[in-house]
Structures are given as structure tokens and as C-alpha cells.
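Chemist:
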Amino acid sequence: MNVYRKHCLLTLSAIAITTLLTACNNPPVSDQHLQDQAAKATEEAKQQSKEALAQARVAAANAERAVNDVAAGVKQGLNTKTPADGRVDLNGASEADLAALPGISVHKAKQIIDHRPYAATHDLVKDGLLSEDQFDALAPKITVH
71 MNVYRKHCLL
81 TLSAIAITTL
91 LTACNNPPVS
101 DQHLQDQAAK
111 ATEEAKQQSK
121 EALAQARVAA
131 ANAERAVNDV
141 AAGVKQGLNT
151 KTPADGRVDL
161 NGASEADLAA
171 LPGISVHKAK
181 QIIDHRPYAA
191 THDLVKDGLL
201 SEDQFDALAP
211 KITVH
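The opening position of the sequence shown corresponds to residue 71 in the working numbering, with each subsequent residue numbered one higher.
This is the structure we're talking about:
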């Protein structure tokens, strides 16, 4: 049963119970009095229903956001290509994996990604992304596949 249906069922139950309790506890002076009490109880239940629905929508949006965040993390984990030897693959690593390398900033990681694909690790120097000294420091930690 979806949230809306549950909410409607609870609202109708609340209206019925409130009406019965009001009728039993306070004998109506007239039929009009009973109608007024029922109308008031219905209006209160309707307002509570609107508030509950708004809260349910917020909760659903938060849950959807959390599910999407988890899915994005799983996707990123599946797409991260780290060879068995632990070196970072320049052609498949995420921005975060590249930025975790010594001397590689987030900006530099984005540039590396923008220049893909690489035929060899030394293409970083050839493409002007790293100096020869920077490359020498990274060479043991990177690979291309």
C-alpha cells in the first residue's frame, strides 16, 4: 500500500473516530450541532492530512537523494580501474583517484581526464601536462590500459 493510500485511510479513520467520540461524549443539542462537530473534525483531519503528506514528500525526496548517492558511489567504484599492481590507470581512473596521486591537484586531474586516451604514461609530458621531473616522481604509480 503506498503512502498516499495509507494516509487517506488514516485520515478517514481519524474523522470517523473523532465524530463518534464527539457524538458519544457530548450529546448533540441538534442535528446542526452534530453536523458542525463533524465538519470541524473533518477540517482538522484534512489539515493533519496535508501536513503528513508534505512530510512524506520530504522524506521520499531525502530517501531518493540517498539512494542516488549510494548508486553513484557504487557506479564510481565499479568504473574505477586500478590494476592489480596498485598503479592508477590514466585512461580509467576517476578524478578523485588521479587527485590522490602525489603532486596532482584536482585541476590537474581534470586536465588529465580531458586529454584521454593515452597510449603511454609519458604522454603526460608529451601533452604538456607534467614536467619531466613531475613525471619521474609519478611514473611508478601510474599505468595505461
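We treat Cβ as the ideally placed atom computed from N, Cα and C, and that holds for glycine.
Predicted, not measured: the structure shown is a model, and the values here were computed from it.
Could you check the C-alpha separation between residue 119 and residue 213 for me, to the nearest Å?
Modeler: Going by the C-alpha atoms only, they are around 59 Å apart.
Chemist: Whether or not the region 190 to 203 and the region 129 to 147 are in contact is what I'm after, with contact meaning three or more pairs of Cβ atoms, one per stretch, closer than 8 Å; do they touch?
Modeler: These segments do not touch.
Chemist: Would you tell me roughly how many angstroms separate the C-alpha atoms of residue 175 and residue 122, rounded to the nearest one?
Modeler: Approximately 47 Å between the Cα atoms of the pair.
Chemist: If contact is defined by three or more beta carbon pairs under 8 Å, each pair taking one atom from either stretch, is the region 171 to 189 in contact with the region 126 to 133?
Modeler: Too few Cβ pairs lie closer than 8 Å, so no.
Chemist: For residue 157, which residues of its own chain have a beta-carbon under 7 Å away from its beta-carbon, when the five flanking residues on both sides are left out?
Modeler: So the qualifying residues of the chain are 211, 212, 213.
Chemist: Assuming residue 179 and residue 169 form a contact by the criterion Cβ under 8 Å, report the distance between their Cβ atoms to the nearest whole angstrom.
Modeler: That belief holds up - the Cβ atoms of residue 179 and residue 169 are roughly 4 Å apart, short of 8 Å.
Chemist: Got a sec: is the Cβ-Cβ distance from residue 103 to anything in chain D below 9 Å?
Modeler: Checking the listed chains, one finds no chain D in this structure; it contains a single protein chain.
Chemist: Between the Cα of residue 160 and the Cα atoms of 117, 135, 125, 205, which residue gives the shortest distance?
Modeler: Measuring from the Cα of residue 160, the nearest candidate turns out to be 205.
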